[in-house]
Amino acid sequence: MGSKIPTVNIGLYDPFNALQTLQPILDAKVHLTNIHWRKSSVEPLRSIAKLPITFFEETPKNFDQNELGPIPKLDQVPVEKRKDAVLKMLSVPYIRCMLIQCNDVEAYRATARPLIREWYKSNITSSNSPVHAYLILYGDDSKAQHRLFEKLKVDFESEFTSDKCIFIKSNFEDPAHEHELWGTVNLAFKQSVLASFAARLDILRSFQTKLSSIDEIKENTTLFLAVQDGIASQFLTMHLFEEAKTEYETLRGMITLHQDNPDLFPEQSWSDQDPHAMEKFMTQLYLFPSSTTKVSLYDAKSFIFAKIFVIFEALADSASSLSLSSIRVAACLQELQNYIHEILRDFNTHPEDHFKLHEWAYMMVNDVLSLDICLKVATLEPDEAGESNQVSERFGELLLLQRSSLLDLGQSYDYFISGVLTDIRMSSVSERKEIDYEPLKKVMESEKSFQDHFILLTETALNHFSVSNRPRTVDALSIDIALLDYENKQYEKAAIVLSTCPEFYSSQGWDVIGYSLLEAYIDCLENMDEKCDFFTAGDEAIVKSELLSQCYIDVLSSLKMHENSLPPTLIKKAVDHLSTTTAGPGKEQVSDVEDFFAVSPDVYVTCTGDDIYQVNINLTSKIPHQISLKDVKLILENARGETLEFEGSSLDVCSGSCTVPLSTTAIQFGSFALATFTAKFGPISMVHIFDGESKKHVEVLPVSKCLKMNIGTSTEIDLNVKPVSVFIDTDRAITDLVLKVWRQSHTFSIQEGVILKSDNGHETPSDFSEDTISFDALEQNKSYEVIIPFITPENPKIKTLDLCASLAYKIDGSPRLQTVTKSIDPALSIAVSVQDIFKSDGLYSRFTIGVADTDLPVRIITVDLDESDGFAVCSPLKPGPLVAFAEQPGNFFFKIIEKADGHPSSEEFLDLNIRYREISEEMSEIWKSQLTNDLAAKGLENYIDILCHSSSTLKFDCNEYVLNQKLKVLNVDMFLKSSFRAIPDQDRSLVYSIFDERIQNGVQLSYEDLVWKDKLLKIKVLIPCVEVIHTVELKTDSNQNHMALGDEITATLDITSLVSSRVEARSEKPDGKKLVLFQDEQSPLNRYSVEVLPNQDTWLINGKTRFVIDIDKSDKKQHIYPSVKLSLIPLRVGKLALPKIKITNMNMNSKNEYLMEVDYKNESETINVISGSI
């Protein structure tokens, strides 16, 4: 395939036969170099290094003889002649020269001058296009010739400037003069060429602008194309390649826009075209050689491609380096690829043309890639090509295009390349015809030569794509070669490539292809010897069975998304292989369960009658065969990182959707989330980690049937011991119980004295060792409380204890395990205070019993103070149950009398027993009872534990409950909605409706049948003891109820002292410490100070206001002292309290003053003082 750039034509008119002599001289001396052109004043300057020219002879036949006058405007030419006018303009040379040769002036006048005038009139004045004219005189250096030249210039000085008349001497005596002459000629020619080019370009642009309206283009489409072609050809002639390329691309766009116009491009088949027309279009100057020429769509596209190809070829040849040249070649090859695709698309509608069409495509690629510039660039090393490795990519793309055509032709010969993936077509096989292209004839001689050439094209393309960094294309082409090796039973060679190809094609969305390749790869592995290099090469040998297992795993995992894409036989082979294959330790292949099944565990846990907890796993399998899973586990995890496992030793998963149960006998209650699902199938270790939306929450609620366990505060509390209790309710006989209790974040030490208490009050000491509590057995249908004394570090900031209790037990010999976690508040809900009053006849004690939390009232059932050996207790009244509110405690009075025959000790204690219930627990029990009845009416009573858990956050109106005997929910929307996830779907809505209705309506109390569990608080009350009781009375005149301000009143102070009989029983404590507020070691002192406290604002006191009394404490009798007379004068009006009397033990320090008690008889008595003026 040759190419040619058009040159600038210079026409020579030779009426005197001088051309033969001057032609060699002109060719040798005229060189148009270093030409500079600017599109406009704002555009950069473009340089043309060398502009080739062609001198050709013009004869009178070729004279323009323009009938419309000198250089007519194209828009003034009749419409039918405009296209012809454009073509004539383009055919006119840029410069016209007339060669003159005469002996003297006379001969010139006779012959030359008339011819010059005629020539100028025909070819210059009436030219079809702007043209510059020159007169060239050829002669010797004689004076006659010089006179002739001067005469010539004078005669035509108005037509030709001085530089347009050239005198070429046959013999230059002065070389400098000759050099100067030719320099002037070259300069003048360059200016004339540029001027002619610019003038023609202006005419064509102006005419094109006037034709640019839609109507004009529609009516004169051919003319519009011809003008655009003329503009492009002018740039190409001037070697302005970039501008020429742009104009030809514009012309191509116009043709594409109008290619569906049947008037412009009638529909033709490929048989109507010349497949070798490219040779012609390489040298053809214009798209329309004449005004009558008809151009087909194929011709038009081929002409434009030929011109653009020529431009790129010229740019590549003139590039300053091979790297730049390769860029131009790459662009040229891209144009070729686009051109071939366009032609194939335009003519592919006729099946009878397919064969010849693909032969033409093969030929085009082959001829272009055989060009010297292509061969030169194709052999460049990557370093030489620099950044222009794109040329290798273009070579590869064209080779693939050529290979595609080869495959299409091969099908006509029944030559098939089985399994080729990069050339898939939907069209039918082309009809076989005779091949005209000689290189292709040799390829199609036999199937072997065809296959060898296919491999050659593929390998060559693969090398080019490797250079151009197209790894995916390299992989695809490698697969094509591998499939040929597979068909030829070269399994090891094919397996090397096919080992990665299924994954490649699946990632591209070509699933059918990927699975076909996977099947081929598996077939290769099965037919290969395990001792071949494929398995043994490398640092670590590959086990054939493991590799096959991985392939079959890929087969089954693909079924989830593409169940219809895999051959059934391959699926069956995969299931059979994996079912019968096992993996050694550490050799299992880990896969995600979701690759094989859709896993959806239920979010609720159920319990069987034997305390086996169960959760269902919903599996959806696309595998059309039964799969047996081993060691199935579902692991749940809570916020503390603790796990709960449900297991199944063997599960059969069938095709479609199925539900399989997993169970556990070691249960832990609380809120969990799905963590991990694991299973084993043959050599596969399946693991699925739940995350995101799939990490659903699961509520594991205490719904055990045989044994229920809970942690709480003890029902029987002795303040001397700090216990916590584990409550156990049995429905079946339980044996071999082992209980552990611990605190999650702090030390929790269980103390000796653990007691197992049954609901009938029977208490049994429990075996305790190493923080483990053991029981032999528990009877059925019983309630038990394990009272556990403990020690734990105190922290004022921590109000609650986070406790865990784990109970291992057996039901009919089958082991079970329950773990409960609960946060409990060890503080008592009840508060007790005592006030003691000593009287001469005994001790009076008032116990005030209220609540520790103002929001939690308690019901006080009984309050008893037990007698002891030394003291008797009596109470005026034993009221029935009463409710203690925040500021309304209960008061209970007891009189403590020393027994006459008793033997009281110095540290006598009485037992105070308070039996009570928390109102919140009462309301919870009533709420539970009512919900149980509601559910039982619908046969749903087995969900009562779930509803109780959901109700744990509800708050009830205590006032409404106590005063109106009605249970009313205050926070109706605050129940634990998550608990309902533990109810199966089929019952959830009904259970919720029952629950919601009860929340809205509350409960009207009717709970006589409820059995209450009271709490018992035991407090050891130490009997306070005093040595002396002083009775003080300030007596006034009983007849005076009131008195006047300033009057005097007489008062008598009487004091009587009584010494306690328990003084002798006192003894020193072993540790030598004193008891504060109670009797301590005996004091020998017996002197007391008595003082009447004056109040200067109230009373003026006259008399003995301070004195001392002495008592012999060994005398157990009543000491009566002489009365003291006082005079009292009030100082202000109003009700005035009598003066205060203060008695102080003078021989004891302040902390022992409480061994003495003062009984004021009339401490609260007042006297009404009035004004004396009334």
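When we follow full-length UniProt numbering, the leftmost residue of the sequence shown carries the number 1, and every step to the right adds one.
Cβ coordinates follow ideal geometry from the N, Cα and C atoms, glycine included.
Item: Cα-Cα separation between residue 1177 and Glu752, rounded to whole angstroms; Value: In the structure as shown, the chain begins at 1 and stops at 1174. Residue 1177 is therefore absent and cannot be evaluated.
Item: Cut-off 7 Å between Cβ atoms - residues of its own chain near Glu173, not counting five sequence neighbours on either side; Value: Asp141
Item: Cβ neighbours of Gly386 in the same chain (closer than 7 Å, five flanking residues each side left out); Value: Residue placement at Gly386 cannot be trusted, given a pLDDT of 49 that sits under 50; what the coordinates show is reported in the next sentence. The residues are Ser323.
Item: CB contact flag (Glu647, Thr620, <8 Å); Value: no
Item: Sheet register partners of Ile410 (DSSP bridge); Value: This sequence places Gly at residue 410; Ile is not what is there. Bridge partners of Gly410: none, in fact.
Item: Beta carbon of residue 1176 nearer than 8 Å to that of Glu247; Value: The requested residue 1176 does not occur in the structure, where the chain is confined to residues 1 to 1174.
Item: Touch test, the stretch 683–696 against the stretch 724–741, Cβ-Cβ under 8 Å, three pairs minimum; Value: no
Item: Chain-order list of residues whose beta-carbon lies under 6 Å from that of Lys297 (same chain, five-residue window excluded); Value: Here residue 297 is Leu; the residue named in the question, Lys, does not match the sequence. Correct list, in chain order: Gln259, Phe265.
Item: Buried or exposed (CB count within 10 angstroms, at least 16 for buried), Gly656; Value: exposed
Item: Check whether Tyr94 and Lys151 have beta carbons under 8 Å apart; Value: no
Item: Gly253: first and last residue of the uninterrupted beta strand (DSSP E) it sits in; Value: No beta strand (DSSP E) holds Gly253; the alpha helix (DSSP H) holding it covers 241–257.
Item: Separation of Val185 from Met282, as counted between CA atoms; Value: 32 Å
Item: Same chain, Cβ closer than 6 Å to Gly1072, neighbours up to 5 away in sequence not counted; Value: Confidence at Gly1072 is low in this model, with a pLDDT of 37, below 50, so its placement is unreliable and no value can be given for it.
Item: Terminal residues of the beta strand (DSSP E) in which Thr1052 lies; Value: 1049–1059
Item: Buried versus exposed, by CB contacts within 10 Å (16 or more), Ile1167; Value: buried
Item: One or two residues paired with Val1169 in a DSSP bridge; Value: Met1043, Gly1134
Item: Spatial neighbours of Leu559 in its chain, beta-carbon cut-off 6 Å, leaving aside the 5 residues before and after; Value: Lys622, Ile623
Item: Nearest candidate by alpha-carbon position, reference Leu51, set Pro60, Thr1050, Thr59, Ile5; Value: Ile5
Item: Environment of Gln626 [buried if 16+ CB atoms lie within 10 Å]; Value: exposed
Item: Residue environment, Pro114, which counts as buried when at least 16 other CB atoms sit within 10 Å; Value: exposed
Item: Assumed close pair Ile787, Ser671 - CB separation to whole angstroms, cut-off 8 Å; Value: Not confirmed; about 29 Å, so no contact.
Item: Coil, strand or helix - Val8 by DSSP; Value: strand
Item: Exposure label - Pro1070; buried when at least 16 CB within 10 Å; Value: The predicted model places Pro1070 with a pLDDT of 39, which falls under 50 and marks its position as unreliable; any figure quoted below should be read in that light. Exposed, because fewer than 16 other Cβ atoms sit within 10 Å of the Cβ of Pro1070.
Item: Per-residue DSSP class, three states only, for Cys874; Value: strand
Item: Spatial neighbours of Ala614 in its chain, beta-carbon cut-off 6 Å, leaving aside the 5 residues before and after; Value: The residue asked about is misnamed: residue 614 is Gln in this sequence, not Ala. Contacts found: Thr606, Pro661, Ser663.
Item: Phe871, buried or exposed, once every other Cβ within 10 Å from all chains shown has been counted against 16; Value: buried
Item: Residue range of the alpha helix (DSSP H) that includes Arg472; Value: 471–487
Item: Same chain only: Cβ atoms within 7 Å of Gln234, ignoring 5 sequence neighbours per side; Value: Phe197, Arg200, Leu201
Item: Distance CB(Pro1122)-CB(Leu1045) smaller than 8 Å; Value: no
Item: Leu856 versus Ser920: straight-line alpha-carbon distance, rounded; Value: 7 Å
Item: 8 Å Cβ cutoff met for Leu32 and Ile53; Value: yes
Item: Buried/exposed call for Ser162, threshold 16 Cβ in 10 Å; Value: exposed
Item: Outcome for Gly584 when other beta-carbon atoms lying within 10 angstroms are tallied against a minimum of 16; Value: exposed
Item: Simplified DSSP assignment, three categories, for Tyr1088; Value: strand
Item: From Lys633, Leu674, Asp691, residue whose alpha carbon lies closest to that of Lys680; Value: Lys633
Item: Pair within 8 Å by beta-carbon distance, Met923 and Val1026; Value: no
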